[in-house]
Ligand code: ADP
Ligand code: ADP
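In my numbering, the protein residues as written are 73 to 306.
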């Protein structure tokens, strides 16, 4: 069973003469463990698609099914609950809390969700170590580089063990070296730890790390490429 299934997904902002047809019938399937990149120029509908799959906004028509649950049939409260249980978000801006250190930032969503704090800190520490920040647990965001701050955000997203990671231009605020490092880390999270990832980016060098690239133009899927990787290559 796929983790994400969208059927004839349409999003129109506004109405009448000023209506913007942001998505014009998107059919997208993401299987468990897949790393899918959605690529396309600014304004093609990438963020809209990610927001609809993440339950941050509602479609004009069509359906979104995440891990077997039809978002379009759920109430706002039910969607919020599903988002907390099943989705991990990574954004362009890291949204870390300045007064908290890396470990506290990564553990906070689990604690707010009712996970016992010793368990939350254990899982946060485990993921911070995996993303290479084992030596930075006590550092505040201001004491970390942009790439390191994004790693904290990635650890925070993964620590609650979501069914899917939704990443919206996660390298948009990083220099090209740090961007490539983050793309490699997402690749590793997929191939080594089997997590499912939907990445939205306008950058072909970043999209190239995915298993599959879906090309979006003017609200429609216009092409799709499955990346070839040699045996043993990550
Ligand atoms: P991308 O992420 O690829 O840059 P978006 O999904 O942000 O594209 O936008 C797709 C289209 O929808 C664009 O024309 C954008 O201006 C428009 N759009 C996005 N959000 C809104 C909104 N809240 N209200 C009106 N138009 C919007
Ligand atoms: P992104 O980098 O995510 O594509 P945008 O600059 O497209 O960001 O959009 C930033 C915010 O503004 C989003 O919440 C989007 O929905 C909203 N937005 C984008 N285009 C429009 C628009 N034409 N009218 C109103 N809101 C918009």
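Think of the CB as a built atom: it goes at the ideal place given N, C-alpha and C, for glycine as much as any other residue.
| Query | Result |
| --- | --- |
| Nearest-angstrom Cβ-Cβ length linking residue 75 and residue 235, presumed shorter than 8 Å | 6 Å |
| Span separating the alpha-carbon of residue 144 from that of residue 122 | 15 Å |
| Continuous alpha helix (DSSP H) stretch holding residue 120: start and end | 118 to 125 |
| Closer than 5 Å: residues whose CB approaches a heavy atom of ligand 1 | 85, 92, 94, 114, 115, 116, 117, 118, 119, 120 |
| For residue 80, the first and last residue of its enclosing beta strand (DSSP E) | 76 to 85 |
| Integer-rounded CB distance, given that residue 107 should sit under 8 Å from residue 259 | 7 Å |
| Residue 262 burial status per 10 Å Cβ neighbour count (16 or more: buried) | buried |
| Beta-carbon proximity check, residue 216 vs residue 282, cutoff 8 Å | no |
| Bounding residues of the beta strand (DSSP E) (the contiguous stretch that carries residue 111) | 107 to 111 |
| Cβ pair residue 182, residue 232 closer than 8 Å | yes |
| Inter-stretch contact (C-beta, 8 Å, three-pair minimum) for the segment 241 to 258 and the segment 284 to 294 | no |
| Boundaries of the alpha helix (DSSP H) in which residue 222 is found, first to last residue | 218 to 231 |
| Whole-angstrom distance between residue 88 and residue 159, CA atom to CA atom | 34 Å |
| N- and C-terminal bounds of the beta strand (DSSP E) containing residue 99 | 92 to 102 |
| Residues that DSSP places opposite residue 133 in a beta bridge | 82 |
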